[in-house]
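Worksheet: one structure, shown below.
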Amino acid sequence: MRPKINYLEIGLKVGDVITFKDGITTATIAGPHTVNYQGAESSLQRVSRRLMPELGDRGVESKRHWTFGGRLLADLYEEFHGDEE
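Printed below as a string of structure tokens:
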């Protein structure tokens, strides 16, 4: 099983700005597993669920809905972890 995404491991830095799939909403990397969104530190999953209320209580794979430098966080994660199981 692959580990939870660590933003710093995949090449992001504290202070980097990531963009939601709407192309407008942004969050700032706050640490290895957290972001700042609207002045509060939170998990990216919590922010994503707030932005996609239609998901209800279902989980969301946040890295597929956010980009950095025009690239999905999911792609950066895959590049870092390669063929790990």
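Each residue of the sequence shown is one higher than the one before, counting from 664 in the working numbering. For glycine and all other residues, C-beta sits at the position ideal for the given N, C-alpha and C.
- The DSSP-derived three-state label of Tyr740 is helix.
- For Ser705, the enclosing beta strand (DSSP E) has its first and last residue at 703-705.
- Short of 7 Å from the beta carbon of Tyr740, and not among the five residues preceding or following it, lie these beta carbons of its own chain, in chain order: Ile668, Ile673, Lys726.
- Looking at the backbone, the Cα of Asp679 and that of Thr689 are separated by about 10 Å.
- Around the C-beta of Leu736, 16 or more other C-beta atoms lie within 10 Å, and the residue is accordingly described as buried.
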